[in-house]
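In what follows, a single structure is set out as structure tokens and then discussed.
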Amino acid sequence: MKKDTILYLVIPCYNEEEVLHETTKQLKTKLQAMIKAKKISNKSRVMYVNDGSKDKTWELIKEINEKEELFTGITLSRNRGHQNALLGGLMTAKNYADVVISMDADLQDDINAIEAMIDKYHEGCEIVYGVRSARKKDTFFKRVTAEGFYKVMKKLGVDCVYNHADYRLTSKRVLEEFSNYKEVNLFLRGMFPLVGFKSDIVYYERNERFAGESKYPLKKMLNFAWDGITSFSTKPLRFICVLGFIILFVSIAIMIYSIVQKILGNTVDGWTFLSISIWFIGGIQMICIGIIGEYIGKMYQETKARPRYIISENLEDK
Ligand code: UDP
Ligand code: MG
């Protein structure tokens, strides 16, 4: 077992004044118990990331930091959204911690899973994904859309952990490597699997938000989902090409049909030529757009400049 593991809990907060006190109380108890059990070092901290809140969140975080030794915080200059706030927190926490766990301020993610995650870390895992075992407490709409989303992502070839949000443990090592992913459109839950290393899953039940409202209204959620798809998959561009070929095949059928109609004398002058042209040109144009799309897709991948490989061990260094 790795001794004296410094754990940082990174918690993005946007207008969370209603939940901070309770969250602090519960996390304090949890961390103290874990420190006592020698699972983590007493240098472990909870790091609140104020994401440009408009309410008293930052004042509260400062107050908590003064009163409580285990709590610290950073604040962003303005609201940058959950994923950016989380990244800011992770990149800051990695300078102090051996291992970082990210979670939401509303404690919807069961804090008892923290221990299970740390255990997996001690067993040698570098990333541990928190996965919802059930969505009983989600509304029917949220459940269907969220699960549908993960399925679509999978179809599009994105390696996403099913039903995993941003409740996850990452080691310092992983975060160091992760800092080389410079992309601006963040979809963290899809990016961490790209880093690799030994990983595992911890199941937990997701609770309801105990106070305040969701900071992810439907519009933000849809934007996030769309970002996830377009940041990871260029398959939609390939669909254009496929569609082009389908239309080209249809145009052959239309050609035969039109010529038969012409021979049977069912047409007016010029109809055959026009109907064949429209379908044929349509197909050709769609294929051309698809081909341009293929190149744009390649350029998109290149501009991301993601690391091409990460070496996890080199025996020369031993
Ligand atoms: N959050 C944030 N910036 C934002 C929106 C949300 O930092 O612009 C934080 C929020 O404070 C919470 C987490 O992201 O800690 C998840 O948000 P929320 O619980 O409202 O989302 P839901 O659980 O409803 O999907
Ligand atoms: Mg929530």
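Heads up: the sequence shown at position 108 corresponds to 137 in our numbering, and the numbers run straight through without jumps.
Ideal placement from N, C-alpha and C gives every residue a C-beta, glycine not left out.
Note that this is a predicted model, so its numbers are computed, not measured.
As assigned by DSSP and simplified to three states, the class of residue i
i	result
M76	strand
R197	strand
C42	strand
I130	strand
L215	coil
Y191	coil
Y125	coil
Y37	strand
G326	helix
K333	helix
R202	helix
E342	coil
The beta strand (DSSP E) enclosing residue i, as first and last residue numbers
i	result
F100	F100 to T104
R172	Careful: R172 lies outside any beta strand (DSSP E), inside the alpha helix (DSSP H) at F169 to K184.
G117	First-last for G117: H111 to A122, but that is the alpha helix (DSSP H), not the beta strand (DSSP E).
Y232	S228 to Y233
Whether residue i touches residue j by CB criterion (8 Å)
i	j	result
W308	I275	no
T53	E97	yes
V75	L99	yes
T34	V129	no
F221	R202	no
T104	E46	no
L266	E323	yes
L247	L116	no
I310	C270	no
N44	K249	no
M146	V231	yes
Q290	L215	no
8 Å contact criterion, which residue i and residue j should meet: CB distance rounded
i	j	result
L38	M132	6 Å
K149	V157	5 Å
R235	D138	7 Å
C42	A122	The pair is not a contact, with the Cβ atoms about 14 Å apart (cut-off 8 Å).
L272	M328	In fact, because the Cβ distance is near 21 Å, the residues do not count as touching under 8 Å.
Y210	R335	6 Å
I69	Y77	Not confirmed; about 18 Å, so no contact.
G219	F178	Their Cβ separation, rounded to whole angstroms, is 11 Å, which puts G219 and F178 out of contact at 8 Å.
I140	L56	7 Å
C154	D80	Not really, about 28 Å apart at Cβ, beyond 8 Å.
I5	S280	Given that the chain is displayed from residue 30 to residue 347, the structure contains no residue 5 and the question cannot be resolved.
G186	K264	6 Å
Cβ-heavy atom distance, residue i to the ligand NAD, below 7 Å
i	result
D135	As for the ligand NAD, it is missing from this structure, which binds only the ligand UDP and the ligand MG.
The alpha helix (DSSP H) enclosing residue i, as first and last residue numbers
i	result
A62	L49 to K65
L89	T86 to K96
8 Å Cβ cutoff, residue i in contact with chain C
i	result
K248	Judged by its chain identifiers, the structure shown contains no chain C, having just a single protein chain.
In chain order, each alpha helix (DSSP H) run of at least 4 residues that lies wholly inside the segment 238-322: 247-261 and 264-292
Every unbroken beta strand (DSSP E) within the segment 134-171, with a cutoff of 3 residues, ordered by chain: 156-161
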